[in-house]
Structures are given as structure tokens and as C-alpha cells.
Amino acid sequence: MLTIAIILDWIMGEPPNKLHPVAWLGKLISLEERVAPQTGKVAQFICGVGIVILDVLLFALPVYWFLNYAWTVSPVVYMIAGGVLLKISFSLRFLVQSAMKIKSLLEVDKIDDARLNLRSLVSRDTSSLDKPHMVSAAIESVAENVTDSFIAPLFYFLIMGVPGAIAYRVVNTLDAMIGYHGQYEYLGKAAARLDDALNYIPARLTALLIVASAFLTGRKNGVNAWRILYRDNGQTESPNAGWPMSAMAGAMNVQLEKEGFYKLGGGQRQPIPLDIKGSVYLTLITAGIWFIICLAIAGVRHAYFP
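Numbering (the working numbering), first residue to last: 9 to 314.
As C-alpha cells, then:
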């Protein structure tokens, strides 16, 4: 299943929105947000808890039932169906392509186009970012999103199978859409806190894998990645985001900064567009290491618990 999912992601990428369950989920969340209470912290919070439970059940349970049925048809059908459904839970190729597109735009000084494309990767306002801070935002997003888009889904696949990976993707999407400060803060608070909890181990695992990838590209990079990770991991508001981002800052020997919020790798050089390519390269090594680990764990588990 895992190998099929990886091949599908790398060869085909994301399906059209009309056929993409995550796009369907996005439309459902938008509808739920419109009908949710607009005032009242308690009412919003209770409604938010209900949305999380409802959406996880709506998407994970059908996957569980369908795969159980597929197994009764044929193990081959079960494996192929599981691989296709697992691919829905992660999107490594999209992350890489989005980052490389921003790199290409910045290299030819298409600043406005780069700002527009950067919105697909980051939640911050990009309209006033200068070139170094756009590069920084892209690298930060690559480091943070490899957790959400690859490491964490496969982590929960190992624990709870394809339904677990899908359930994680539902929670992560809910957090991305409604887990923010503002009018609907308490509506998204349950999703945001649950996403923090679910990413607690994967984020730290990602950071360690980035350090390992840095050692593979050069011992000096690995030592610096560990040093900056240890020093700067707690600077971000998120309890998880600072781990992979600080590891990446150290591995790349650059300073990653969101003005007014944090400065990871302080004292190192300002990043340039070519550093985005370097961060993508490290991310692919990180993903490759994790893929091998997942295969090994799955193989051992199958050998001893067939």
C-alpha cells in the first residue's frame, strides 16, 4: 500500500478538485463554518468539537468499511484500494513543486507572482514581504509542511492503517481552515488543539530526520542543524512548528524569520532563492529516510503479526 501510494503521488500528483476528497472536505468545512454560531465562546467550542467528530467519522469510517469489503473481494484489490486511499492523506510532490515554483519566480524577480504563489504555502500576509523574507517563508513552509504532508500521515498509517491516516488529514485540514485567531477562534479551538497533540511526536521526529539528512550531506551541516534545533525549537507560538523549522535553519545555515514573531537560526546569513532548492533537497532525503523506516516497521510487523 505504502509503495503504491508513494508512486501515485510522485507520478500523478494531486487529483482534480472535483475528484479530491480533501477538496470535498474543504467545501464541507466552509459550509459548517457558515452555519456555526457566530458569537459565544462556549457555543462555538461545543459546535467545533461536534464538527471534528462528525468530519472524522464521515471520512474515516467509509474508508474502514470499504477496505474491509475490498479484503473480502481479493487481497490484491485491498492492497491497490488501500494504496490509492493512502495517497489522499499526503502530498509530497505538491509541496516540492510549489516551493520550486516560488524559487523560480524569485530568481527572475517576479516578486508579485511569487507573493501570490506563496499564499498556497503560508498563512501569513505576503503582500509586504521583501525577497529574503519570502525565501524564508518558503523554506519554513517546506520544513513545517513535510510533517503535515508526509511524516505525520504515514506515522498514523503505521499505527491505525489507512483510516488513521485519513483521520489525521481531516483534523489537519480542519486546523488549517478554522484553527486560527479571530471571530471563529473557539469554533476551531478543538481542531487546533487536537492537531497540536497529533503532531507532537511527528514534528519532533521530522526534526530528527532533518538532522539525520543534514549529516548525510555533510557532518558540519548536521552538527549545526542539531545546535540550532536545540537552541531555537521553542521560539514559535506553535508547540510543534519550531522543531522542523529550526532544524532546517541549522541544516541550511540560514536565518528564518517571521518578523515580530520569531527568528530561527539568528546570526546566520539571510537566505537566497537557491536555498529553497537546498531545503527541498533535504526534505526529499528526509522523506526517503522515513519511507525506508516505514517499510522496515511494516515488514517486521507483518513477519511477526501476519
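For glycine and all other residues, C-beta sits at the position ideal for the given N, C-alpha and C. Predicted, not measured: the structure shown is a model, and the values here were computed from it.
With a cutoff of 8 Å on beta-carbon distance, Ala-184 and Gly-91 are scored as not near each other. The beta carbon of Val-57 sits closer than 8 Å to those of Ala-198, all from its chain and outside the five residues before and after it, given in chain order. Residue burial annotation: Asn-248 is buried, with at least 16 other C-beta atoms found within 10 angstroms of its C-beta.
For the 8 Å CB-CB criterion, Gly-187 and Asp-203 form a contact.
Across the structure, Leu-137 and Lys-271 are spaced so that their CA atoms are roughly 15 Å apart. Only residues of its own chain outside the window of five on either side were considered, and among them Leu-166 have a CB closer than 8 Å to the CB of Ile-305, listed in chain order. Of the other Cβ atoms in all chains shown, 16 or more fall within 10 Å of the Cβ of Ser-287; this residue is therefore buried. The DSSP-derived three-state label of Arg-277 is strand.
In the three-state reduction of the DSSP assignment, Glu-148 falls in the helix class. With fewer than 16 other Cβ atoms from the protein chains shown falling within 10 Å of its own Cβ, Ile-15 counts as exposed.
For Arg-101, the CB contacts under 7 Å within the same chain, skipping 5 residues up- and downstream, are Asp-17, Trp-18 and Gly-21 in chain order.
Collapsing the DSSP output to three states places Val-154 in a helix. Per DSSP, Tyr-77 is one residue of the alpha helix (DSSP H) stretching across 49-81. For Lys-266, the enclosing beta strand (DSSP E) has its first and last residue at 264-266.
Taking 8 Å as the cut-off, the beta carbon of Val-154 is found closer than this to the beta carbon of Pro-252. Per DSSP, the beta-bridge partners of Tyr-270 are Lys-266. Taking a cut-off of 8 Å for Cβ pairs, the stretch 169-180 and the stretch 57-69 touch, as three or more such pairs fall below it.
Closest option to Gln-263, judged by alpha-carbon separation, among Phe-269, Ala-255, Gly-250 and Arg-277: Arg-277. Contact check for Ala-220 against Ile-297 passes: the beta carbons are separated by less than 8 Å. Where Gly-172 is concerned, the enclosing alpha helix (DSSP H) starts and stops at 160-186. In the same chain as Val-30, and ignoring 5 residues on each side of it, the C-beta atoms closer than 8 Å to its own belong to Ile-96, Arg-177 and Thr-181, in chain order. Shown here for Glu-148: same chain residues with a beta carbon closer than 6 Å to its own, the five before and five after excluded, namely Met-253 and Leu-264 in chain order. Closest in C-alpha terms to Lys-111, from the list Asp-283, Ala-311, His-310 and Phe-313, comes Asp-283.
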